[in-house]
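*Asks:*
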Amino acid sequence: MVMDTTPQTPPQDAGHTAAGAALAPHPLAARAEQVGSLLPPPALQEARHVHQDGRLSTVGLRTLEDHLVLESLEQQRRLGVDVLTDGEYRRGSWLGSVAEAVEGFVDAVAERPFDPRSRDATQAAPKVIGGRLRARRRLIVSEATFLAQHASAPFKITLPSPSSLMLASFEPGVTDAVYPDVDELLADLSALIRDELMSLAGEGTPYVQLDAPGYTLFADSAMREWMSEAGLDPDRLLTQGIAADNASLAPLAEQGVTTGIHLCRGSAQRHWLTVGAHESMAEELLSSLVADVVLLGCENEWADGFRPLRYIPDDTKVVLGLVASTRTNPTPYPAMLRRAERAAEHHPMEQLAVSTQCGFVGGSTRHRLSIDDQWRKLELVVRLARDLWG
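Residue numbers (the numbering used here): 353 to 742.
(1) I believe Leu730 touches Gln386 by the beta-carbon criterion, under 8 Å. Please report the beta-carbon distance rounded to the nearest angstrom.
(2) Hey, could you find the ends of the alpha helix (DSSP H) Arg659 is sitting in?
(3) Quick check on DSSP: helix, strand or coil for Ala487?
(4) So what's Ser716 in DSSP terms, helix, strand or just coil?
(5) Near Val450, which residues of its chain fall below 7 Å by C-beta distance, leaving aside the five closest residues on each side in sequence?
(6) Report the rounded CA-to-CA distance for Ser389 versus Leu537, giving the unit in angstroms.
(7) Hey, out of His502, Lys669, Leu544, Gly742, whose CA is closest to Thr557's CA?
(8) Starting from Asp563, follow its DSSP beta bridges and name the residues at the other end.
(9) Tell me the rounded alpha-carbon separation between Arg546 and Asp597.
(10) Pairs of beta-carbons, one from the region 689-703 and one from the region 638-647, closer than 8 Å: are there three or more?
(11) In this structure, what does DSSP give as the bridge partners for Asp459?
(12) Are there any heavy atoms of the ligand ATP lying less than 7 Å away from the beta-carbon of Lys508, as far as the coordinates show?
(13) Counting along the chain, where does the beta strand (DSSP E) carrying Ala687 start and finish?
(14) Give me, in chain order, the residues of the same chain whose beta-carbon lies closer than 6 Å to that of Ala500; leave out the 5 immediate sequence neighbours on both sides.
(15) Would you call the region 478-489 and the region 443-462 in contact, with 3 or more CB pairs under 8 Å?
(16) When DSSP builds the beta bridges, which residues end up paired with Ala705?
(17) Our contact map puts Ser551 next to Ser600 with C-beta atoms below 8 Å; I'd like the distance itself, whole angstroms only.
(18) Please list the terminal residues of the continuous alpha helix (DSSP H) segment that includes Gly448.
(19) Bridge partners for Val748 per DSSP, in chain order?
(20) Compute the distance between the beta-carbons of Val734 and Val433, then report whether it is under 8 Å.
(21) With C-beta atoms as the reference, is Ala564 less than 8 Å away from Ser521?
(22) Just how far apart, CA to CA, sit Pro665 and Leu436?
(23) Quick one, which of Pro586, Pro684, Ser722 has its alpha-carbon nearest Tyr567's?
(24) Please tell me whether Gly482 and Val526 are closer than 8 Å, where the distance is taken between their beta carbons.
(25) Quick check: the Cα distance between Lys669 and Met579, rounded to an integer number of angstroms?
(26) Apply the 10 Å Cβ neighbour rule to Ala399 and answer buried if 16 or more other Cβ atoms are within range, or exposed otherwise.
(27) Could you check the C-alpha separation between Gly439 and Gly554 for me, to the nearest Å?
(28) In terms of residues, what are the limits of the alpha helix (DSSP H) holding Leu775?
(29) Beta-carbon separation of Leu391 and Leu721 under 8 Å?
(30) Does Phe498 come out as helix, strand or coil in the three-state DSSP assignment?
(31) Would you mind stating whether Ala634 and Ala382 have Cβ atoms separated by less than 8 Å?
(32) Could you check how far apart the C-beta atoms of Leu420 and Ala395 are, in whole angstroms? I think they sit under 8 Å.
(33) Taking only the alpha-carbon atoms, compute the straight-line gap between Glu495 and Ile509 and give it to the nearest angstrom.
(34) Taking the alpha-carbon of Ser424 as reference, which of Arg442, Val411, Gly412 has the nearest alpha-carbon?
(35) Out of Gln427, Ala696, Arg728, Asp667, point me to the one whose CA is closest to Thr680's CA.
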């Protein structure tokens, strides 16, 4: 017998009404931002295991997810975060939600390098593109409708960018056997993401974000070498990736939806996705993106200067990821304030906001931070925003 042991969803309070969400400020007015993912509560992790074992129904799991999302929304509201998310509690992994919904993903032949400086540091890449891509179902299920009903402030929903999906899922000899033309592969990925974004817009989503950690790979010599060995031209691929991401976002402008793109090195423990500076590809990338908001993970690698911000159009909102999301010891508070002030030397202060460096869920299930640490970091984001902009 399948067990249903989840709690009843608590009654919604006055702060969790659709009317409250309608009265909230526009996403572009946000100063205290966040990237998207939140650490999954232990009860959710346990429920997923029980569900996989067949001892908890899908309805039971969904009820628990609803309950925990409501608790998270209330905590975000109490802290004063300007843009809310459901923490991506309903997803298994960054890539998994797409791979499960799209035909054409196959099991990877081998693990792939995680840190390009060390071939011994690997991460499992369970799915790669090994067939023609076709959506089996929606990529994102239930998130938008639930948030539209319960969020008391603007909310956003995130998806992997087409460019990063391509890099994360490309296996030489497998992917290029079915997609010998990279433009065609990126076009199919872009269409999948665009169609999902348009569906989210139709469900009342005010703000969508593409997560694009793959762009920093182009600044790293080891990863550029890997691309070349895989038969890819790094410089051309950068241009192709920007075009694919822009194509997925562009139709949202007519829907009145705020669009964002998050650029960082990832949040997988202490391993960064790349080494090297952003400057080598910053001008082409930052001057070409069509997103309304660019979120930059700059807690560490931009500490000594924000010159690349000069490439971003002045009317684009820039969210500075000043608060570390991977370690408990924060950068001293005065130093974070100074970094924001230095950033304003290269981009208008009124077009800046702050956030954590990345989401809180990285490439491993073993997190260094506690959930309490996470909330303290979001509280620090809010404090920074209030001190910088009032």
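Cβ coordinates follow ideal geometry from the N, Cα and C atoms, glycine included.
*Replies:* Checking against the coordinates, here is how it stands:
(1) 6 Å
(2) Unbroken run through Arg659: none, as it is neither H nor E.
(3) strand
(4) Confidence in Ser716 is poor, its pLDDT being 43 and thus under 50, which makes the residue's placement unreliable; the coordinate value appears in the next sentence. Three-state result, Ser716: coil.
(5) Leu491, Pro512, Leu517
(6) 27 Å
(7) His502
(8) Pro512, His614
(9) 9 Å
(10) no
(11) Lys479
(12) No copy of the ligand ATP appears in this structure; indeed no ligand is present at all.
(13) Note, Ala687: premise wrong, no beta strand (DSSP E); alpha helix (DSSP H) at 685-695.
(14) Gly556
(15) yes
(16) Val671
(17) About 12 Å; that fails the 8 Å criterion.
(18) 448-453
(19) The structure shown does not extend to residue 748, since the chain spans only 353 to 742, so no value can be given for it.
(20) yes
(21) no
(22) 26 Å
(23) Pro586
(24) yes
(25) 31 Å
(26) buried
(27) 21 Å
(28) Given a span of 353 to 742 for the chain in the structure shown, any question on residue 775 remains unanswerable.
(29) yes
(30) helix
(31) no
(32) 7 Å
(33) 8 Å
(34) Arg442
(35) Arg728
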